[in-house]
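If you're matching positions, the sequence shown starts at 29 in the numbering used here and goes up one per residue.
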Amino acid sequence: MEKIGEFLNNNNLTALKRSYMDACSNKEFVNFIQEINAPDQILMKYTSTLEEAMQEEINCKNCKNILTCKNKVEGFCYKPEVIDNTLQFSYVMCKKKKDQEEAQSYLKNIKYYQMSKDIINASFKDLYRDDTTRTPILKYMMKFMKDYSSGKKTKGLYLTGSFGSGKTYLIAALLNELAKKKVKCVVIYYPEFLRDLKASFKTDYDEKFNHAKKADLLLIDDIGAESVTNYSRDEVLSPILQFRMEEHLPTFFTSNLTLDELENHLSITSSGVDKVKARRILERVKQLSTPMELVSKNRRDW
Ligand code: ADP
Ligand code: MG
Numbered sequence: 029m030e031k032i033g034e035f036l037n038n039n040n041l042t043a044l045k046r047s048y049m050d051a052c053s054n055k056e057f058v059n060f061i062q063e064i065n066a067p068d069q070i071l072m073k074y075t076s077t078l079e080e081a082m083q084e085e086i087n088c089k090n091c092k093n094i095l096t097c098k099n100k101v102e103g104f105c106y107k108p109e110v111i112d113n114t115l116q117f118s119y120v121m122c123k124k125k126k127d128q129e130e131a132q133s134y135l136k137n138i139k140y141y142q143m144s145k146d147i148i149n150a151s152f153k154d155l156y157r158d159d160t161t162r163t164p165i166l167k168y169m170m171k172f173m174k175d176y177s178s179g180k181k182t183k184g185l186y187l188t189g190s191f192g193s194g195k196t197y198l199i200a201a202l203l204n205e206l207a208k209k210k211v212k213c214v215v216i217y218y219p220e221f222l223r224d225l226k227a228s229f230k231t232d233y234d235e236k237f238n239h240a241k242k243a244d245l246l247l248i249d250d251i252g253a254e255s256v257t258n259y260s261r262d263e264v265l266s267p268i269l270q271f272r273m274e275e276h277l278p279t280f281f282t283s284n285l286t287l288d289e290l291e292n293h294l295s296i297t298s299s300g301v302d303k304v305k306a307r308r309i310l311e312r313v314k315q316l317s318t319p320m321e322l323v324s325k326n327r328r329d330w
């Protein structure tokens, strides 16, 4: 008489075989398993997992954009592989995901503090080309790229102009291009960076401060929009600029204020007016950057 265990095994085997045969009535499934190159005895133990893997492969074939990926793990395809006579499944990164990762790999060379996503993704290829007001700035940036890459001493830009004209975008696009060439860049949204630094006294204050101070290229975004204190002016801005000047580290600024307006802004704190300190900072800003103006329509859609 058949032992209970064997009976169950045989029964299971029949059920496995049956569902495998059912699946094989689908031509796509047959094509799919033919590529795996494994005997039916092995394949039939994994029918439902193979169907799942097949569906993922179909999703990949029909995929137009990684953002609409239908697979369980976005950007990965569940794939079978024969290893030591058994079938093993693993998640393999798809080409679109690989391309995306490669395109974003510059992000390890550039650190953004409190900046929006469109600025983080800014690139020359997506620049608006509909107005000529930015031509001199673009020319400057192209020359900067060339000079910086060939090791020449170069100045950053002090880009002033109206709100939403694209100042931050332009400089972020430049720094992103250079980050692709492995230049270490830091972009700080200045008013928020100050608040953040203050909140980090007991934690990573030095790390953040030095990061901005020592970056190969630094963008101090929206300088002049902060509320000035003796601390922010004399303990943060001043030593950062001093260090960068001594080390010839190009520094970029964007501001709604002209240089004269910035000087005035920096001279006033709640403890009084200090024109000498403000003047000294402005001297450093001028040493570090070339002033240019961007007059353009407001590009913000929010
Ligand atoms: P600003 O710093 O002068 O206030 P932004 O650089 O933040 O202005 O630009 C406003 C918005 O317009 C940004 O969010 C960005 O998406 C878009 N933008 C600005 N300039 C460009 C450009 N040259 N190409 C593409 N998008 C741009
Ligand atoms: Mg800006």
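For every residue, glycine included, the Cβ atom is placed at its ideal position computed from N, Cα and C.
Bear in mind the structure is a predicted one, so any value in this text is a computation, not a measurement.
query                                                                                                                                        : result
Output the distance between the C-alpha atoms of Lys183 and Tyr106, rounded to the nearest integer angstrom.                                 : 50 Å
For the alpha helix (DSSP H) that contains Gln83, what are its first and last residues?                                                      : 75 to 90
For a test of the three-state rule: what should DSSP assign to Lys230, helix, strand or coil?                                                : coil
Report the three-state DSSP secondary structure of Ser283 (helix, strand or coil).                                                           : strand
By DSSP's criteria, Gly252 is part of a beta bridge. Which residues make up the other side?                                                  : Gly252 pairs with nothing; no bridge assigned.
Look up Leu316 in the DSSP assignment and say whether it is helix, strand or coil.                                                           : helix
With distance defined between alpha-carbon atoms, name the residue in Thr231, His239, Ala81, Asn93 nearest to Asn137.                        : His239
Under 6 Å from any heavy atom of the ligand MG, does the C-beta of Lys195 make it?                                                           : yes
Using a 10 Å radius around the Cβ and a threshold of 16 neighbouring Cβ atoms, would you call Ser283 buried or exposed?                      : buried
Would Phe191 be called buried (16 or more neighbouring beta carbons within 10 Å of its own) or exposed?                                      : exposed
Can you tell me which of Glu63, Val256, Ser317, Lys174 puts its alpha carbon nearest to the alpha carbon of Thr297?                          : Val256
I need the boundaries of the beta strand (DSSP E) containing Thr114, first residue and last residue.                                         : 114 to 121
Give the DSSP bridge partners of Tyr140, in chain order.                                                                                     : Val215
Could you give the DSSP three-state label for Val156: helix, strand or coil?                                                                 : The amino acid at residue 156 is misidentified as Val; the sequence shows Tyr. In this structure, Tyr156 counts as coil in the three-state DSSP scheme.
CA-CA distance, Pro219 and Ile199?                                                                                                           : 18 Å
Taking the alpha carbon of Ile216 as the reference point, which residue from Ala66, Ile251, Val301 has its own alpha carbon closest?         : Ile251
Terminal residues of the continuous beta strand (DSSP E) containing Glu109?                                                                  : 104 to 111
For Asp68, count the other beta carbons within 10 Å of its own beta carbon; 16 or more makes it buried, fewer makes it exposed. Which is it? : exposed
For the beta strand (DSSP E) that contains Tyr186, what are its first and last residues?                                                     : 184 to 189
Who are the Cβ neighbours of Asn258 in its own chain at under 7 Å, not counting the five residues just before and after it?                  : Thr297, Ser299
Tell me, which residues are paired with Gly300 by DSSP?                                                                                      : Thr297
Helix or strand or just coil, what does DSSP make of Leu277?                                                                                 : coil
Please state the DSSP three-state secondary structure of Glu235.                                                                             : helix
With a 10 Å radius around its C-beta and 16 neighbouring C-beta atoms as the bar for buried, classify Pro164 as buried or exposed.           : exposed
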